[in-house]
Ligand code: SF4
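Here it is, written out as structure tokens:
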């Protein structure tokens, strides 16, 4: 398949691995920001094929994982209201709130619907004018444009019974928060290619300069990721710290101007709390004042119950790359994809789920390096 098979070629992977091994002279730790990259790395065993001196740290780039418990609880409260149709992407339905999830609300009679596009929610609102239709807007810069366009369309068409519960987050402030952490071990970043395909790369040079850290825009197939690592290692070994684009087939410096235009019209940046991490200044989007009428938090006057994470869950440390999932005592024992205690085990992009799915059940020191053959 074009753009898939050609980026999974074992021979080319071997050559990239050899070049990385020839280049590296000392230990380096780099963070892949995106949960999609984490899954690709674990699925293909790329971390086990790298030299021991190159460590991959799994970052906070899974939107489901970082959506705070308080927001999940607000979603549950709104979805439980009569005359509300609550629409969401499917991966949010099993994320545990304080005492239940959206599946439970649906089982208890709530009108909770899985949609594949926010425009589906707009269509539902048009067909059921006697209901309040709420869309759960969760995600990074990748999903935000389609959601922004949906609200833009709703306003243009005069659809008044649609609103959004917004919990959008942005990658660059998260990178900054990781670098400012006193426990930070990250020496380079593999930036998320799909985020940059929307936003471009202009937000990254200042971060690379300020924190003297290489940032390589990287794709998702095995060869994309190995090429990102190769470039990051090369910069680290040379003592360089700049932004490189290793995903040019999808990313341009200026990003997607149409998407950026609608984002700037509909959203404005705001401080946002990240589950397990805390509040990161300017790290999210909320609806701009021009679209305030479409904000579900204003429309429904929801406060949400006081919410506390399960004490045993260490997802905050996982999301900051401070521990690997199998270092959590609950991993695979009382926390599994069927009985998740934290969002990093629920989400299809979560690091805990990736480790469980691909049977990384052992602590790092017992793992053996694999062969590419
Ligand atoms: S394994 Fe479960 S309990 Fe442990 S950090 Fe991951 S989600 Fe939380």
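In the numbering used here, the protein residues as written are -10 to 362. By construction, the Cβ of each residue, glycine as well, lies at the ideal position given by its N, Cα and C atoms.
In whole angstroms, what separates the C-alpha of residue i from that of residue j?
i           : j           : result
residue 134 : residue 159 : 12 angstroms
residue 193 : residue 117 : 44 angstroms
residue 200 : residue 78  : 36 angstroms
residue 38  : residue 318 : 26 angstroms
residue 145 : residue 138 : 10 angstroms
residue 314 : residue 214 : 21 angstroms
residue 312 : residue 165 : 19 angstroms
residue 59  : residue 291 : 11 angstroms
residue 0   : residue 34  : 15 angstroms
residue 180 : residue 23  : 7 angstroms
residue 57  : residue 12  : 41 angstroms
residue 157 : residue 30  : 25 angstroms
residue 367 : residue 76  : Outside the displayed range of the chain (-10 to 362) lies residue 367, so it cannot be described from this structure.
residue 245 : residue 185 : 9 angstroms
residue 175 : residue 16  : 11 angstroms
residue 151 : residue 301 : 38 angstroms
residue 32  : residue 343 : 8 angstroms
residue 127 : residue 6   : 36 angstroms
residue 83  : residue 271 : 28 angstroms
residue 222 : residue 19  : 9 angstroms
residue 132 : residue 107 : 9 angstroms
residue 212 : residue 195 : 27 angstroms
residue 253 : residue 338 : 27 angstroms
residue 279 : residue 47  : 37 angstroms
residue 97  : residue 326 : 22 angstroms
residue -2  : residue -9  : 12 angstroms
residue 99  : residue 41  : 51 angstroms
residue 168 : residue 49  : 13 angstroms
residue 69  : residue 80  : 18 angstroms
residue 309 : residue 119 : 44 angstroms
residue 43  : residue 226 : 12 angstroms
residue 357 : residue 14  : Confidence at residue 357 is low in this model, with a pLDDT of 45, below 50, so its placement is unreliable and the value that follows should be read with caution. Whole-angstrom Cα-Cα distance: 21 angstroms.
residue 153 : residue 267 : 23 angstroms
In the DSSP assignment, what residue or residues form a beta bridge with residue i?
i           : result
residue 102 : 76
residue 234 : 206
residue 47  : 21
residue 157 : 128, 274
residue 269 : 261
residue 123 : 75, 152
residue 324 : 320
residue 180 : 206
residue 284 : 153
residue 256 : 276
Going along the chain, which residues of its own chain have a beta-carbon closer than 6 angstroms to the beta-carbon of residue i, five neighbours each way excluded?
i           : result
residue 208 : 182, 236
residue 86  : 61, 62, 65
residue 320 : 314
residue 233 : 205, 220
residue 341 : 314, 333, 334
residue 324 : 330, 334
residue 289 : 67
residue 136 : 107, 126
residue -5  : none
residue 104 : 76, 110
residue 51  : 24, 336, 338, 339
residue 306 : 312
residue 36  : 30, 45
residue 376 : Absent from the model: residue 376. The displayed extent of the chain is -10 to 362, so no value can be given.
Just to check my reading of the structure: residue i and residue j have Cβ atoms closer than 8 angstroms, yes? What is that Cβ distance to the nearest angstrom?
i           : j           : result
residue 217 : residue 205 : 5 angstroms
residue 283 : residue 140 : 5 angstroms
residue 155 : residue 121 : With a Cβ gap of about 16 angstroms, residue 155 and residue 121 do not count as contacting.
residue 304 : residue 265 : 5 angstroms
residue 55  : residue 263 : 4 angstroms
residue 242 : residue 191 : 7 angstroms
residue -7  : residue 210 : 7 angstroms
residue 261 : residue 269 : 6 angstroms
residue 277 : residue 247 : The pair is not a contact, with the Cβ atoms about 18 angstroms apart (cut-off 8 angstroms).
residue 285 : residue 123 : 5 angstroms
Within a Cβ cutoff of 7 angstroms, which residues of the same chain sit near residue i, ignoring the five residues on either side of it in sequence?
i           : result
residue 148 : 111, 114, 115
residue 350 : 315, 321
residue 172 : 311
residue 90  : 82, 83, 84
residue 162 : 269, 270, 271, 272
residue 251 : 134, 137, 138, 141
Taking 8 angstroms as the cut-off, is the C-beta of residue i nearer than that to any heavy atom in ligand 2?
i          : result
residue 27 : For ligand 2, the structure offers nothing, since it holds only ligand 1.
With a CB to CB cut of under 8 angstroms and the five nearest residues on each side skipped, what residues in its chain are close to residue i?
i           : result
residue 224 : 177, 203, 205, 230, 231, 233
residue 281 : 287
residue 297 : 58, 87
residue 345 : 314, 320, 321, 325, 326, 334
residue 26  : 50, 179, 181, 207, 209, 214
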